[in-house]
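Quick mapping for you: the protein sequence lines, in order, are chains A and B. So for the first sequence, our numbering puts the first residue at 54; every next one is plus one. So for the second sequence, our numbering puts the first residue at 54; every next one is plus one. Notes to accompany the following structure.
2 protein chains.
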Amino acid sequence: MIYALIMAGGSGTRFWPESRKSRPKQFLNIAGPKSMIRLTVERIATEIPVGRIMVISGASHADEIRNELPELNPEMIVAEPWSRNTAPCVALAAYKLRKADPDAVMAVLPADHTIGKEEAFLDALRHGADAVSRGDYLLTFGVVPNRPETGYGYIRIGKVAFSVGPDKVHKVDAFVEKPDLETARLYLASGNYLWNSGMFMWKASDIIRAIDRRLPRLGAAMKSIASALNTIEEADALRGVYQSLESISIDYGIMERADNVVCIPIDVDWNDVGSWAAVVELWPADKTGNVTRGQTLFLDSRNCVVSSNHRLATLIGVEDLIVVDTPDALMVCHKDRAQDVKRLQEVLAEQGYEDLL
Amino acid sequence: MIYALIMAGGSGTRFWPESRKSRPKQFLNIAGPKSMIRLTVERIATEIPVGRIMVISGASHADEIRNELPELNPEMIVAEPWSRNTAPCVALAAYKLRKADPDAVMAVLPADHTIGKEEAFLDALRHGADAVSRGDYLLTFGVVPNRPETGYGYIRIGKVAFSVGPDKVHKVDAFVEKPDLETARLYLASGNYLWNSGMFMWKASDIIRAIDRRLPRLGAAMKSIASALNTIEEADALRGVYQSLESISIDYGIMERADNVVCIPIDVDWNDVGSWAAVVELWPADKTGNVTRGQTLFLDSRNCVVSSNHRLATLIGVEDLIVVDTPDALMVCHKDRAQDVKRLQEVLAEQGYEDLL
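So, in structure tokens, the structure goes:
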């Protein structure tokens with residue numbers, strides 16, 4: 054059976070002031086009328102029934118996820134007692150799913166990305182499940198780039214291992230770091246480099262074997278609590294082992310080192326919604342390039358992003374600004390500095406604005 | 054006796070969103086902890102007792118002025134039923150004051166300017182009163198310029214007519230329009246050009262004679278209601294004549310045409326607080342040139358003006374912006390476009406935001 058693991062551990066600092074510690078990006082309606090995590094569930098629910106969708110989040114967000122996604126099995130909403138990046142999250146899900154279903158296949162999906170071409174994505178999910186049924190492959194979905202993006206890691210694909218329907222399953226030569234602009238242009242031109250989307254598929258038993266080999270301490274910790282998983286002892290057991298787990302990503306811990314990694318290229322209008330600047334791709338733009346939500350009024354202003362759901366925002370004679378208004382905090386940021394919204398969190402903490410984090 | 058007329062007819066559109074039709078600039082605490090009109094009264098009260106200070110405003114603001122300035126004689130707070138620029142306002146005050154005191158001398162002062170050097174200003178007021186006691190002079194206070202300002206009209210002064218204490222009282226050669234930058238530089242270098250501050254002094258009887266001569270219809274209208282002035286019939290009488298009065302400034306209607314105009318140069322750190330950009334001169338700046346009120350936090354941002362009294366305003370990677378936050382409207386404006394805040398009012402009306410005007 055195919056299951057989904059939706060990873061909802063994001064802290065969402067880049068969408069401040071709308072995102073807060075208590076309300077990270079996956080709970081925001083940034084990509085449409087519904088929260089990003091709900092869109093993620095609804096997108097796959099025709100392929101993977103809600104009863105087989107697991108969500109793992111930080112402990113402080115589990116209740117909100119249950120409220121946001123009442124159709125899910127509450128036992129499939131799992132709280133990590135400490136945040137330890139994606140490798141422990143994937144390991145936990147794999148151990149839980151394999152215990153319930155030794156043949157479990159899992160699609161691993163972030164809770165806070167968007168996909169425009171949903172049918173094509175579901176096709177890829179189906180083909181991915183077919184691919185991993187043929188061997189012990191660790192499959193990653195690589196996004197066909199449409200610009201020389203310097204903000205993502207890339208996957209260099211090799212020869213085609215086999216085909217599933219129209220989808221070619223490639224060997225993966227390497228995972229590579231975020232490139233500079235010149236390198237990103239070469240990657241784009243070569244056709245052999247795809248964006249690392251953070252979406253994966255594999256049999257639970259195969260990723261567990263990879264974890265045992267590449268991250269043996271993580272594997273041992275999971276084995277030590279295996280009997281408690283899927284029982285009322287689980288939460289206590291997690292508290293017993295989680296704090297001392299190494300914080301490491303599944304990309305770095307497993308994918309970059311494994312030799313059985315394959316990749317299905319996908320061209321599905323994917324957006325990782327990495328900062329306020331990304332909503333330019335998601336919200337409609339007026340003819341002067343302004344994209345907005347809420348009440349806004351522009352005078353001689355261009356290429357701005359404005360979210361103002363609580364009062365009228367007026368802009369006069371400005372361009373390339375991001376303006377985000379909330380009841381207790383306002384942010385005005387140059388569009389080129391959208392990544393620094395994350396940095397602002399530290400300044401807020403230093404200046405005594407913890408209540409706004 | 055010396056009286057003051059404080060003209061409080063301003064609509065304050067340039068300080069939107071803090072200023073509204075119901076709350077124009079003179080009621081705002083832009084220049085300090087108190088409203089501008091209160092600062093105007095307190096500035097002169099040691100020289101002109103509050104019982105001799107008259108305030109004329111639009112009808113919709115008279116109640117708020119009474120609340121704001123309870124120490125004034127309520128009968129000295131006069132509501133114009135229609136706004137007709139400064140000439141009718143001055144004429145009304147002159148007729149009222151002369152009726153009460155045939156020897157009344159009046160200082161005419163805007164309600165919404167600031168003066169840094171208050172003692173020097175009071176000296177000038179005293180010397181002005183002395184000057185107008187010597188003849189039928191229409192006296193204007195001309196501000197010694199400290200920059201080639203293109204936003205003000207100028208007064209070209211001529212030879213010294215006489216001295217009062219250390220102050221020289223000059224003949225006025227001409228009132229000149231707002232200059233271009235090159236001309237403003239010549240004016241500044243010449244030493245013969247002063248900013249037209251809109252502050253005047255004269256005997257009520259002298260300005261009435263000038264009005265009768267230069268604006269005879271205004272004079273006739275005031276004469277027709279003279280018996281009602283300072284009585285309970287006054288408000289009805291004003292409603293009977295005011296609507297049909299020509300809307301004209303005292304500068305254009307009288308000062309630019311009269312031949313008995315004199316000028317006392319003043320160097321008193323005057324500011325007409327003409328737009329949000331002007332508060333740069335009034336509020337303290339931090340070392341990166343940001344001037345603020347309320348809760349603000351800057352990351353790599355320079356030379357901005359921020360007023361945020363209701364929530365935290367954060368700015369990242371921007372410069373030369375004016376950000377003004379209020380409970381129901383937010384404005385982000387390039388500093389060079391501060392004059393366009395006035396233009397925004399029309400757009401707000403067109404777009405159906407009358408409730409925010």
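All residues carry an ideal CB built from backbone N, CA and C; glycine is no exception. In this text the structure is predicted, and so the values were computed from the model without any measurement.
Taking a 10 Å sphere around the C-beta of Asp339(B), we find fewer than 16 other C-beta atoms and assign the residue as exposed.
Within the segment 103-130 of chain B, complete beta strand (DSSP E) segments of at least 3 residues are found at 106-111, given in chain order. Three or more Cβ pairs drawn from the segment 182-198 of chain B and the segment 245-263 of chain B lie within less than 8 Å of each other, which places the two stretches in contact. At a cut-off of 8 Å between C-beta atoms, Arg390(B) counts as an interface residue with respect to chain A. The beta carbon of Ala391(A) is closer than 7 Å to those of Ser328, Trp329, Ala330 and Ile375 in its chain, skipping five residues each way along the sequence. Using beta-carbon distances, Cys142(B) does not count as an interface residue toward chain A, since no partner is under 8 Å. Its Cα nearest to that of Lys212(A), the residue Asp226(A) stands out among Asp226(A), Tyr205(A), Asp265(A) and Asp393(A). Between the segment 344-362 of chain A and the segment 313-324 of chain A, the count of Cβ pairs shorter than 8 Å is below three; the stretches do not touch.
Listed in chain order, the non-local C-beta contacts of Ser302(B) below 8 Å within the same chain comprise Asn138, Thr139 and Ala140, local neighbours out to five positions each way being set aside. The segment 268-276 of chain A makes no contact with the segment 220-239 of chain A: fewer than 3 CB pairs, one atom from each, lie closer than 8 Å. Under DSSP, Tyr148(A) forms no beta bridge with any residue. Among the residues of the segment 350-364 of chain B, those with a Cβ less than 7 Å away from any Cβ of chain A are Leu350, Leu352, Ser361 and Arg364, in the order of the chain. One alpha carbon belongs to His363(B), the other to Lys87(B), and they sit about 18 Å apart.
Linking Gly85(A) to Ile130(B) through their CA atoms gives a straight-line distance of about 55 Å. Counting C-beta pairs closer than 8 Å gives fewer than three between the segment 146-166 of chain A and the segment 206-224 of chain A, which falls short of the contact rule.
One Cα belongs to Pro380(B), the other to Leu365(B), and the distance between them is close to 12 Å. Here Arg310(B) has Arg267 as same chain residues with Cβ atoms under 7 Å from its own Cβ, once five neighbours each way along the sequence are excluded. By the rule that beta-carbons nearer than 8 Å mark a contact, Asp183(A) does not touch chain B. Checking the DSSP bridge columns, you'll see Leu374(A) partnered with His387(A). Using beta-carbon distances, Met384(A) counts as an interface residue toward chain B, with a partner under 8 Å. The C-alpha of Ser250(A) is placed about 9 Å away from the C-alpha of Ile208(A).
Among the residues facing chain A, Gly370(B) is included, as its CB has a counterpart in that chain under 8 Å away. The beta carbon of Ala214(A) lies closer than 6 Å to those of Val222, Lys224 and Val315 in the same chain, with the five residues before and after it left out. Shown here, Trp323(A) sits in a strand according to DSSP, grouped into three states. In this structure, Ile106(B) lies away from Ala173(B), with their beta-carbon atoms at least 8 Å apart.
The bridge partners DSSP lists for Phe215(A) are Val222(A). Sequence-distant Cβ neighbours of Gly206(A) in its own chain, meaning closer than 8 Å and more than five residues away, are Phe228, Val229, Glu230, Lys231, Trp248, Asn249 and Asp304.
Excluding its 5 nearest sequence neighbours in each direction, Val108(B) has C-beta neighbours in its own chain below 6 Å: Ile59, Ala61, Ile118 and Ile130, listed in chain order. For Gln348(B), the enclosing beta strand (DSSP E) has its first and last residue at Val344 to Leu352. Contact annotation: in the segment 168-199 of chain A, no residue has its CB less than 7 Å from a CB in chain B. In terms of CA proximity to Asp116(A), Phe80(A) leads the group Gly347(A), Arg96(A) and Phe80(A).
Counting the other CB atoms within 10 Å of its CB gives Thr99(A) a total below 16, which places it among the exposed residues.
At a cut-off of 8 Å between beta-carbon atoms, Asp393(A) makes contact with chain B.
Separation of Tyr246(A) and Cys386(A) (C-alpha to C-alpha, rounded to the nearest whole angstrom) is 32 Å.
For Ala366(B), the nearest CB of chain A lies under 8 Å from its own CB, placing it at the interface with that chain.
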